[in-house]
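This report refers to the structure that appears directly beneath it.
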Amino acid sequence: MSRPILFALDEDECLLRDVERELVDRYARSYQVVCVSAPEEAIEQLEALAAGQEDVALVLSAQWLDGTTGSELLGRVRALHPHAQRGLLIEWGSWGDGRTGEAIFQAMARRQIEYYVIRPSRTPDEIFHQSVSTFLLEWANARRVSPHTVHIVGEEWTGRAFELREVLGRCAVPHAFLLADSPQGREMITETGKDGLPLVVFPNGTVLADPSNMELASATGASIEPHRREFDVVIVGAGPAGLSAAVYGASEGFRTLVVDDGGIGGQATSSSLIRNYLGFPRGVSGRQLAERAYEQAWVFGAKFAFMHQATSIRRDGDRLYVALSDGDEVSARAVILATGATYRRLGVAEIEDLAGAGVFYGGPASEAPAMAGREAYVLGGANSAGQAALHLAEYAHRVTLVVRKDSLDAGMSHYLVRQVEGAPNIEVRLGSEVVGGGGDGRLESLVLRQRADGSTETVKADALFLMIGADPNTEWLPAELALGEGGFVRTGAEVENGGGWPLERNPFSLETSMPGVFAAGDVRQGSMSRVASAVGEGSIAIRLVHELFAAEQLGSTVG
Ligand SMILES: Cc1cc2nc3c(=O)[nH]c(=O)nc-3n(C[C@H](O)[C@H](O)[C@H](O)COP(=O)(O)OP(=O)(O)OC[C@H]3O[C@@H](n4cnc5c(N)ncnc54)[C@H](O)[C@@H]3O)c2cc1C
């Protein structure tokens, strides 16, 4: 197989040679470096490479070109090389000149580039290489060729193979799926010499045939046992709110346990690119953010018990007991509920049967590149649906956003409405819903109904992404824990005003009607449904636990 390609375009031959020098010096062993100095030649070569099925990993281009711009050209690269990363080459400091700054801003908003790159100066230029290696890691992840990728070999996309993919997704583990009767699938089965599908092949040589969720999670290195039973704080949920509480709890010396019925990251793992989280100017995938937060909590000493559902909470004396789905209990002086919310199901049987085979709940994080040249549908009218449609539009031939309401403005932020309406390959069908669909092993068609007159239409569809809202995970909580509208957990002033608060002292701001039990993130009534606010609330909850313990200490001293 030929080496993947690093491609650079600049009309200034001298500057281009600097880029070529740095790329060749550092990467020539594993990549081919192709540098051209004319935009037409660049497009011709990129088209020829696509026709020859060559793998282009990275395309860098200067912005100001004869008759076009780098961002226009990079915008066209997506259709030719769906996995290629695209960087705009700029001079150091030129972001300060209005024209270049605006070009970067527009290119990012239109998703024509992943990010900008400062041209190399003297050699070796480690800042330039940091940018290039970040691009290459993103490319390897999207291409499923990053080291430590787990392979699942199954007979079909749906059923148990899909469930196993979901488990790995929820453990934030990079994975790839192979059909058993594909050449690669057959090769992998022969190599492992194992019977029983689905087969899971780990990079360290471990092979599991049709494993349980617990066995699979355990083989990825995820901790599935609490190891002890008594803690200072038990956190239920390992999404952004729970992970934040774990980092702050463990770093401040609390014996901290995090329990999750899946793995790490919660809903955030289905976000391909979180662009509004502080400190990540080029955006961060939900999976990466979750991995980093998990590592951070782990090195501070937090303990984790994955694949365990919390099934009830009770108080006995000064301790709270959380029952787990394996039948055991863990106890703590304080509990933080960070159980977030779960996607609503569509409830159309023939669509549900194709989950994982063209039908996906949540964002198109890893499926988007596979949509190149295809017809994709997104059902939903909120910001997450708008984001998903824009992300898919970079790859798909056409994206249709199916919205129940009669206006996009009813559920979507204004900036997203503008982007969606401005995207040439996004069609919006207002006042519509999905009522049926089907396909032979994979989604092939959908039945759409116009709500106003009940008329239906069958359309060709290669994928459907369902983003129709989420319900809070609170059905397991005891009756004494007051819930508000839609089942979200009441906290602080809402508990005080709503009645049912049993103590003389006032509840803390994130405290529920069950003293010592706090709620943070999307599960809480009035939450902002953002990663940053969930993270903020997780840390605040720990601060409040401190105050609670201090007040209890005072109470017992005085008493
Ligand atoms: C597709 C998509 C894209 C998004 N993009 C963005 C974005 O760009 N920017 C942004 O700010 N926000 C974004 N969001 C919203 C953001 O992901 C959520 O606001 C955030 O994840 C909420 O965090 P959380 O910790 O409160 O809950 P969650 O992320 O929902 O995590 C809850 C965790 O609790 C676990 N759990 C639930 N019940 C139990 C139980 N009984 N026992 C044990 N464990 C349990 C779940 O398995 C889950 O892991 C996006 C959401 C989606 C779906």
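Take any residue in the sequence shown, count from 1 to its spot, add 4: that is its number in the working numbering. For glycine and all other residues, C-beta sits at the position ideal for the given N, C-alpha and C.
The continuous alpha helix (DSSP H) containing S135 extends over residues 130-146. Per DSSP, H395 is one residue of the alpha helix (DSSP H) stretching across 387-397.
Per the C-alpha coordinates, the member of E95, A111, E484, A536 positioned closest to L19 is E95. Taking a 10 Å sphere around the C-beta of L10, we find 16 or more other C-beta atoms and assign the residue as buried. Unbroken alpha helix (DSSP H) stretches of 4 residues or longer found wholly inside the region 351-387: 353-356, given in chain order.
A Cβ-Cβ contact shorter than 8 Å links F512 with L552.
Exclusion of the five residues before and after R318 leaves Y325 as the residues of its chain whose Cβ lies within less than 6 Å of its Cβ.
Assignment of H87 by DSSP, reduced to helix, strand and coil, places it in the coil class. When only Cα atoms are considered, T315 and D265 end up about 10 Å apart. DSSP places G158 in the strand class (E or B) of the three-state scheme. For the pair R337 and D236, the CB atoms are nearer than the 8 Å cut-off. The Cβ-Cβ distance between G74 and R114 does not fall below 8 Å. The C-beta separation of Q271 from A359 comes to about 17 Å, leaving the pair out of contact by the 8 Å criterion. Only residues of its own chain outside the window of five on either side were considered, and among them L470 have a CB closer than 6 Å to the CB of L350, listed in chain order.
Pairwise C-beta distances place the region 31-41 out of contact with the region 86-102, as fewer than three of them are shorter than 8 Å. Classified as buried, V424 has 16 or more neighbouring CB atoms from the shown chains inside 10 Å of its CB. Annotated as proximal: M375 and D466, with beta-carbon spacing under 8 Å. In terms of side-chain proximity, the C-beta atom of R422 is found no nearer than 7 Å to any non-hydrogen atom of ligand 1. Looking from the CA of G384, the closest CA among T460, L468, Q313 belongs to L468.
Only buried fits T224, as 16 or more other CB atoms lie within 10 angstroms of its CB. In the DSSP secondary-structure assignment, K307 is bridged to L261. DSSP lists R318, S335 as the bridge partner or partners of Y325. Distances taken from the Cβ of T516 to the heavy atoms of ligand 1 include none shorter than 7 Å. Checking the 7 Å criterion, the Cβ of Q271 is within range of a heavy atom belonging to ligand 1. L341 is a Cβ neighbour of V521, given a cutoff of 8 Å.
Counting along the chain, the unbroken beta strand (DSSP E) around C39 starts and ends at 36-40. Here the C-alpha atom of P202 lies approximately 5 Å from the C-alpha atom of D214. For I156, the distance from the CB to the nearest heavy atom of ligand 1 is not below 7 Å. Contact check for Y399 and P373: beta-carbon distance about 6 Å, within the 8 Å limit, so the pair qualifies. Counting along the chain, no alpha helix (DSSP H) covers R123, and no H or E run does either.
If you check the C-beta of P244 against ligand 1, you find a heavy atom less than 7 Å away. Straight through space, the alpha carbons of L487 and R422 are spaced by roughly 36 Å. Around the C-beta of P476, 16 or more other C-beta atoms lie within 10 Å, and the residue is accordingly described as buried.
Following the DSSP letters along the chain, one finds H418 inside the alpha helix (DSSP H) bounded by residues 418-426.
Secondary structure note for R169: its alpha helix (DSSP H) is the uninterrupted segment 163-174. When C-beta atoms of the region 169-185 are compared with those of the region 250-267, three or more pairs fall below 8 Å, so the two segments count as touching.
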